[in-house]
Structures are given as structure tokens and as C-alpha cells.
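J.: First the structure, then my questions, so here it is.
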DNA sequence: ATAAACATACCGACTGGTCGGTATGTTTAT
DNA sequence: ATAAACATACCGACCAGTCGGTATGTTTAT
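Protein chains in written order, with the numbering used here: chain A, 4 to 198; chain B, 4 to 198.
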């Protein structure tokens with residue numbers, strides 16, 4: 004049973020880490036930086052986390068879990084309604100994430116090179132894929148979508164979402180991404196909806 | 004006027020750099036590593052490039068230029084034909100890029116944090132956007148596509164492409180990305196084509 | 001000769017991680 | 001109650017090694 008002070012310190016480390024990572028990136032953010040930002044000694048840091056990577060991983064787990072939760076609670080009456088509802092949520096996502104989005108990019112990058120991180124990323128990621136595949140299947144079953152390979156359709160949806168988020172990161176003021184997101188979904192629906 | 008030997012050395016440095024960057028990433032790839040892989044001394048390295056970042060930038064310019072060129076020569080009779088033709092090219096792109104794709108991710112990441120790199124990335128990137136917008140406009144003009152906001156449509160196409168590439172990086176064996184790319188284009192066409 | 005091309009030796013800054021020791025609880029024995 | 005015994009939390013100096021970049025010398029081509 005950890006002491007009260009302990010959980011507070013952990014939180015401060017995590018909070019400082021996410022800020023530093025977001026600004027400078029994983030590599031450039033030194034443990035000393037993070038400790039300074041957290042107002043915590045290096046000893047405390049390594050008392051709570053075995054390595055710098057462990058902090059990164061903890062951060063990742065937390066976020067991926069939150070996304071998972073958000074997806075689950077977005078369900079509406081019909082499948083098309085659910086999908087449209089999700090695009091309505093996007094602006095909030097963009098606004099809330101803002102400067103943290105580069106970190107997601109970093110997640111991907113690290114995951115593509117580090118076995119341990121890859122496994123931590125890929126599980127929830129595949130879960131999203133499954134979620135959308137199931138959604139498409141439901142849509143087909145309820146007659147609102149044309150019969151199709153739901154796995155592939157889910158991949159398309161996820162690809163589009165990933166691409167939108169990424170471009171939002173790279174070029175936030177290059178377009179009205181909210182509008183684009185809506186238009187994307189519209190085109191997708193045109194292509195997938197029945198009749 | 005550079006000597007023959009000089010352009011060869013430059014090429015060897017660039018070639019070694021792309022290999023090291025691809026494997027270990029930009030930060031982890033040390034200049035010494037690159038020099039060793041290129042069979043070139045550190046003096047030679049800094050004789051030809053002022054900084055490590057300059058090498059990175061040169062690499063980027065080269066690739067973005069090549070993509071630009073590839074796009075230009077993909078034009079077919081009608082717009083839908085052109086777009087489909089492009090998905091046919093994708094497998095080659097995936098295969099050829101393979102382990103180099105993480106580098107593109109790194110481009111983005113660095114671009115989102117470094118003003119100089121951002122400017123180098125954003126120009127060709129906007130050029131792609133324009134290319135696709137023009138393509139959509141042509142499609143509307145020739146009557147093969149429904150009237151629509153071509154800028155937004157282009158963003159959707161690019162988003163999808165970006166998302167596909169990114170997922171190909173993260174999870175190369177998680178799906179048949181060639182098939183998904185084709186399906187994406189099919190759905191897009193269903194949504195955008197006239198009648 | 002001389003200037004470009006290349007090689008070697010080196011510098012100072014910085015990094016992730018360790019370690020001996022201290023301070024702050026918490027449990028146990030009396 | 002309280003003091004000894006133990007456990008957890010924390011500190012900050014320190015280390016061994018790495019890095020990007022520079023200074024200086026040598027080779028090569030004209």
C-alpha cells in the first residue's frame with residue numbers, strides 16, 4: 004500500500020513528463036528536465052520508475068485506455084448516426100489534444116522500433132479496428148450500410164482518422180480540419196451507405 | 004564546380020545516412036555511425052555538410068522531389084482512371100519504402116517542432132494538396148465527378164493516403180494494405196463519382 | 001603553388017542511470 | 001505511551017560514456 008505522498012509524486016512526474024515530451028520530444032527531454040519540471044529529485048524519479056522508457060510507457064497506457072473508454076460511450080441509434088456523432092466529437096479532440104498530438108506521433112515512431120512499446124500500442128489499436136469492424140457489421144445487419152468486407156472498411160475509417168489527425172499536427176492552420184473531417188465522413192457514407 | 008570524387012562522397016554520405024536514420028532514427032544515429040557506414044571520415048562529412056540536420060534536410064528534399072515527380076507522371080485519360088492507376092502504384096511504393104517509412108514519420112515529427120524543417124516539408128506537401136485539388140477540379144469539369152469543394156476533397160484524399168502509409172509503418176503485417184488502399188479508393192470513388 | 005578534399009585528434013557539454021546517505025512514516029515490543 | 005526497529009520516500013553528487021562539432025594536419029588534383 005503506497006503512501007499518500009507517493010501517489011502525488013508519481014502524478015507530478017507523469018504530468019511533468021508529458022509536458023516535456025510534448026515540447027521537446029522523447030529523446031530531447033532529459034530526466035533532469037523532467038525532474039526539474041516536476042519539482043522532484045532524480046532519486047525520487049528512479050525510485051518510482053525504473054527507466055525513462057517506463058514513464059513513457061505509463062503515459063501511453065493511460066491515454067490509450069482513455070481513448071478506448073471514449074469510443075465505447077459514443078454509440079447512437081443507427082450506425083450512420085454513430086459515425087456522424089463521432090465527427091462532431093472531433094473538434095473537441097483536436098482542441099483538447101493540441102500540443103500533445105506530436106506525442107502520439109512519437110508513440111508510433113517508438114512503437115515501430117521498440118518491441119516492448121509496439122506490443123503496448125498494438126493491442127488497443129487492434130481493439131479500435133475491431134470496434135469499427137463491428138460497427139460496420141452492425142450497420143450491414145441493420146440495413147443502413149451496403150454489404151462489404153467490414154475489416155477492410157474499418158481499416159479505411161481508421162486510416163482516414165489517423166491521416167486527419169496527423170495532418171492536423173503537421174499543418175494545424177493549413178485547413179479547417181473539422182470541416183474536412185465532416186466532409187470525409189460524408190464521402191465515406193456516400194460510398195458505403197445503402198442506396 | 005565540384006569534382007567527381009566529391010559528388011561520390013556526398014552520395015555515400017547520403018546513402019549511409021538514410022540507412023542509419025531508417026534503422027535507429029535521427030537522434031540515435033550518430034555522425035560517427037553515419038561516417039563509419041559511409042566509409043568516410045568525420046572531416047569529409049563536415050566538409051560537405053555543415054550540420055547533421057543539413058543531411059537530414061537534403062534527404063528530405065530529395066524524396067519530396069521524387070514524389071513530386073512521380074505524381075506528375077501518373078496522369079491518365081480520365082480522372083477516375085488516374086486515381087485508380089495511383090492505387091496500382093502503391094504496392095511498389097510500399098515495397099520499395101519498406102523500412103524507410105519510419106523516416107517519413109520522423110520527417111513529420113521534426114517538422115512539427117523545427118521551423119526550418121517545417122518550411123521545407125510544407126511547401127511540397129501543399130503542392131500535393133494542390134495537385135489533387137486540381138485533379139478533382141478536372142474531374143468535375145470533365146463530368147466524371149460530382150461537383151464538390153475540390154480543396155476539401157483533396158484533403159480527404161491526402162488524409163487517407165497519409166493514414167494508410169502510417170498504418171503500414173506501424174503494423175505492416177496487420178492487414179493487406181494494398182487491398183485496403185484499393186478498397187479505400189473504391190469507396191471514395193463511390194462517394195465522389197457522378198451517378 | 002594552392003586550394004579543394006579528406007583524415008585524425010580532440011573538446012566541452014550533456015545524458016541516463018547509480019549510489020550512499022537522510023528524512024519521513026509505520027509497525028512492533030515493552 | 002513510547003522507543004526501538006523497520007520500511008518507504010527522497011535527495012543530489014557522481015560516473016562512464018556519447019554526442020555534435022572544431023582544429024589541425026595530410027593528400028590529391030590542377
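Don't be surprised by glycine CBs; every beta carbon is placed ideally from N, CA and C.
(1) Which residues in chain B have a C-beta closer than 8 Å to the C-beta of residue 2 of chain A? List them in chain order.
(2) Where does the unbroken alpha helix (DSSP H) through residue 176 of chain A begin, and where does it stop?
(3) Quick one: what does DSSP say residue 196 of chain B is sitting in, helix, strand or coil?
(4) Along chain A, in chain order, which residues have C-beta atoms closer than 7 Å to that of residue 109 of chain B?
(5) Please list, in chain order, the chain B residues whose beta carbon lies closer than 8 Å to that of residue 54 of chain A.
(6) Taking any Cβ of chain B, which residues in the region 155 to 168 of chain A have a Cβ under 8 Å from it, in chain order?
(7) Could you tell me which whole alpha helix (DSSP H) segments of length 4 or greater appear in the region 99 to 137 of chain A?
(8) Are the C-beta atoms of residue 80 of chain B and some chain A residue less than 8 Å apart?
(9) Quick one: list the residues of chain A neighbouring residue 33 of chain B, beta-carbon separation under 8 Å, in chain order.
(10) Among the residues of its own chain, which have a CB less than 7 Å from the CB of residue 4 of chain B, if the five just before and after it don't count?
(11) For residue 148 of chain A versus residue 161 of chain A, is the C-beta spacing smaller than 8 Å?
(12) What does residue 170 of chain B reach in chain A if we use C-beta pairs closer than 8 Å?
(13) Taking contact to mean at least 3 C-beta pairs separated by less than 8 Å, is the region 61 to 69 of chain A in contact with the region 123 to 131 of chain A?
(14) Please name the residue, chosen from A:170, A:130, A:172 and A:191, that lies closest to residue 75 of chain A on a Cα-to-Cα basis.
(15) When Cβ atoms are compared, which residues of the region 11 to 30 of chain A fall closer than 7 Å to chain B?
(16) If you follow the alpha helix (DSSP H) that residue 18 of chain A is part of, which residue opens it and which one closes it?
(17) Between A:71, A:30 and A:42, which has its C-alpha nearest residue 13 of chain A's C-alpha?
(18) Apart from the five residues on each side of it in sequence, which residues of its chain come closer than 8 Å, Cβ to Cβ, to residue 83 of chain A?
(19) When DSSP builds the beta bridges, which residues end up paired with residue 74 of chain A?
(20) Since residue 148 of chain A sits in a beta bridge, which residues does DSSP pair it with?
(21) Taking 8 Å as the cut-off, decide whether the C-beta atoms of residue 159 of chain A and residue 190 of chain B are in contact.
(22) With H, G and I counted as helix, E and B as strand and the rest as coil, what does DSSP make of residue 187 of chain B?
(23) How close, in whole Å, do the beta carbons of residue 171 of chain A and residue 104 of chain A come, if the pair is a contact with beta carbons under 8 Å?
(24) Could you tell me the distance, in whole angstroms, from the CA atom of residue 153 of chain B to the CA atom of residue 136 of chain B?
(25) Tell me which same chain residues have a C-beta within less than 8 Å of the C-beta of residue 199 of chain B, skipping the five on either side of it?
(26) What's the C-alpha gap between residue 17 of chain A and residue 115 of chain B?
(27) Output needed for residue 81 of chain A: all residues of its chain with C-beta closer than 6 Å, excluding positions within five of it in sequence on either side, in chain order.
(28) For residue 32 of chain A, I'd like the list of residues in its chain whose CB is within less than 8 Å of its CB, leaving aside the five on either flank, ordered along the chain.
(29) So, with DSSP's three-state summary, where would you put residue 52 of chain B?
(30) Comparing alpha-carbon positions, which option in A:93, A:73 and A:11 lies nearest residue 179 of chain A?
(31) What residue range does the alpha helix (DSSP H) around residue 41 of chain B cover?
(32) Since residue 166 of chain B and residue 164 of chain A are thought to touch, with beta carbons under 8 Å apart, how far apart are those beta carbons, to the nearest angstrom?
(33) Return the chain-ordered list of same chain residues with a C-beta closer than 7 Å to the C-beta of residue 71 of chain B, the five sequence neighbours on each side being excluded.
T.: Looking at the coordinates:
(1) Chain A is shown only over 4 to 198; residue 2 of chain A falls outside these bounds and no answer can be derived.
(2) Residue mapping note: residue 176 of chain A aligns to position 173 of the first chain, counting from 1. Run containing residue 176 of chain A: none; DSSP gives neither H nor E here.
(3) Position 193 of the second chain, counting from 1, holds the residue named residue 196 of chain B. Residue state, collapsed to three classes: strand.
(4) Sequence index remark: in the second chain, residue 109 of chain B carries index 106 (1-based). Going along chain A in sequence order, the residues near residue 109 of chain B (Cβ under 7 Å) are 112.
(5) Numbered from 1 along the first chain, position 51 holds the residue referred to as residue 54 of chain A. Within 8 Å Cβ-Cβ: nothing; residue 54 of chain A doesn't reach chain B, min ~16 Å.
(6) 155, 156, 158, 159, 161, 162, 163, 164, 165, 166 and 167
(7) 104 to 116
(8) Position 77 of the second chain, counted from the first residue, corresponds to residue 80 of chain B. For residue 80 of chain B, the answer is no, since every Cβ of chain A falls outside 8 Å of its Cβ.
(9) Residue mapping note: residue 33 of chain B aligns to position 30 of the second chain, counting from 1. Going along chain A, no residue has its Cβ under 8 Å from residue 33 of chain B, so there is no contact; the nearest lies around 12 Å.
(10) To locate residue 4 of chain B, count along the second chain from 1; it is residue 1. Any answer about residue 4 of chain B is weak, because its pLDDT of 49 lies below 50 and its placement is not dependable; what the coordinates show is given next. Taken in chain order, the list of residues that qualify is empty.
(11) Taking the first chain and counting its residues from 1, one reaches residue 148 of chain A at position 145. Taking the first chain and counting its residues from 1, one reaches residue 161 of chain A at position 158. If you check the CB distance, residue 148 of chain A and residue 161 of chain A do not come in under 8 Å.
(12) As a position in the second chain, residue 170 of chain B is number 167, starting the count at 1. Chain A residues near residue 170 of chain B: 158, 161, 162 and 165.
(13) yes
(14) For this step, residue 75 of chain A is matched to residue 72 along the first chain. When each option's Cα is compared against that of residue 75 of chain A, the closest is A:130.
(15) So the close ones are 28 and 30.
(16) Residue 18 of chain A sits at position 15 when you count from the first residue of the first chain. Residues 7 to 27.
(17) If you number the first chain from 1, residue 13 of chain A lands on position 10. If we check each option's Cα against that of residue 13 of chain A, A:42 comes out closest.
(18) As a working note, residue 83 of chain A is residue 80 in the first chain. If we look at residue 83 of chain A and ignore the five residues flanking it on each side, its Cβ neighbours are 142, 147, 148, 192 and 196.
(19) Counted from its first residue, the first chain places residue 74 of chain A at position 71. Residue 74 of chain A is bridged by DSSP to nothing; it lacks a bridge partner.
(20) By one-based count along the first chain, residue 148 of chain A stands at place 145. Beta-bridge annotation (DSSP): residue 148 of chain A is paired with A:196.
(21) Reading the first chain from its first residue, position 156 is the one you call residue 159 of chain A. Reading the second chain from its first residue, position 187 is the one you call residue 190 of chain B. A contact, by the Cβ cut-off of 8 Å.
(22) Numbered from 1 along the second chain, position 184 holds the residue referred to as residue 187 of chain B. Here residue 187 of chain B sits in helix by DSSP.
(23) As a working note, residue 171 of chain A is residue 168 in the first chain. As a working note, residue 104 of chain A is residue 101 in the first chain. Between residue 104 of chain A and residue 171 of chain A the Cβ distance is about 7 Å, and since that is below 8 Å, they are a contact.
(24) The count along the second chain starts at 1 and reaches residue 153 of chain B at position 150. The count along the second chain starts at 1 and reaches residue 136 of chain B at position 133. If you take the alpha carbons of residue 153 of chain B and residue 136 of chain B, they lie about 5 Å apart.
(25) With chain B running from 4 to 198 in the structure shown, residue 199 of chain B is simply not present.
(26) Taking the first chain and counting its residues from 1, the one referred to as residue 17 of chain A is at position 14. Taking the second chain and counting its residues from 1, the one referred to as residue 115 of chain B is at position 112. Rounded to the nearest angstrom, the two C-alpha atoms are 23 Å apart.
(27) For this step, residue 81 of chain A is matched to residue 78 along the first chain. Short of 6 Å from the beta carbon of residue 81 of chain A, and not among the five residues preceding or following it, lie these beta carbons of its own chain, in chain order: 147.
(28) To locate residue 32 of chain A, count along the first chain from 1; it is residue 29. Counting only Cβ-Cβ distances below 8 Å, and skipping sequence neighbours, we find 20, 23, 24 and 26.
(29) In the second chain, the residue the question calls residue 52 of chain B occupies position 49. Residue 52 of chain B: coil per DSSP, three-state reduction.
(30) Residue mapping note: residue 179 of chain A aligns to position 176 of the first chain, counting from 1. Among A:93, A:73 and A:11, the Cα nearest to that of residue 179 of chain A is on A:93.
(31) The residue given as residue 41 of chain B occupies position 38 in the second chain. From DSSP, the alpha helix (DSSP H) with residue 41 of chain B extends over 34 to 41.
(32) Taking the second chain and counting its residues from 1, the one referred to as residue 166 of chain B is at position 163. Taking the first chain and counting its residues from 1, the one referred to as residue 164 of chain A is at position 161. Confirmed, about 7 Å.
(33) The residue labelled residue 71 of chain B in the question sits at position 68 within the second chain. Cβ within range, chain order: 127 and 130.
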